[in-house]
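Before any comments, here is the structure.
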Amino acid sequence: MYVNNVTKMKIRKPAREIYEAFVDPVKIGNFWFSSSSERWAEGKTITLKYEEYNAQGDIYVKELRENERIVFEWAGDHTVTITFKEDDHDLTVVEVIEEGFKENDDNLIDQLLDNKEGWVYMLSCLKGYVEYGADLRASLVK
């Protein structure tokens, strides 16, 4: 059996601006990874880099619904679904669900906590970038 991890944050911008921050290879460098190999599109494998940490990884984009939803696979058998739920006042709830954590893994709690910390940090950086133009990425110290 698998366990999901859910993280949500309110961001005071329309969904279209937030969605574009993810799929645009230049904009993503302002809040999450330092770079993306290309614009995100369904069926594409995208290479994401953290130049500050000399690290990179690939994601496979399974689904894109413009301004509504992004689904990708990474870290082996993990699926991430990012949804954008906008109200009528340019406030969007961004929800991240990561699936694929094994319930019987001895390190499950540590994995879930580390994962939650990562998504909260990414969403905080996203909020800072789209709401205020602030670059907060690559500042978390472990």
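To convert, count from 1 in the sequence shown and add 652; that's the working numbering.
C-beta: ideal position from N, C-alpha, C; glycine also.
Query                                                                                                                                : Result
Three-state class that DSSP yields for Lys696 in the structure shown                                                                 : coil
According to DSSP, residues forming a beta bridge with Phe674                                                                        : Paired residues: none, contrary to the question.
Presumed contact (8 angstroms Cβ cut-off) between Trp726 and Gly709, rounded CB distance                                             : 6 angstroms
Which listed residue (Glu783, Lys768 and Cys777) has its alpha carbon closest to that of Ala790                                      : Cys777
Pairwise C-alpha distance: Asp739 and Met774                                                                                         : 22 angstroms
Host beta strand (DSSP E) of Ile680 (start-end)                                                                                      : It is not in any beta strand (DSSP E) - Ile680 carries neither H nor E in the DSSP assignment.
Straight-line gap, Val772 to Thr659 (C-alpha atoms, nearest Å)                                                                       : 7 angstroms
Among Asn759, Asn767, Phe724 and Ile734, the one whose alpha carbon lies nearest that of Leu700                                      : Phe724
Cβ contact check for the stretch 759-773 and the stretch 668-675: 3 or more pairs under 8 angstroms                                  : no
Residues of its chain near Ser689, where Cβ-Cβ distance is below 6 angstroms and the 5 sequence neighbours each way are ignored      : Ile698 and Thr699
Beta-carbon contacts of Lys696 that lie in its chain and below 8 angstroms, excluding the five residues immediately before and after : Glu690, Tyr712 and Val713
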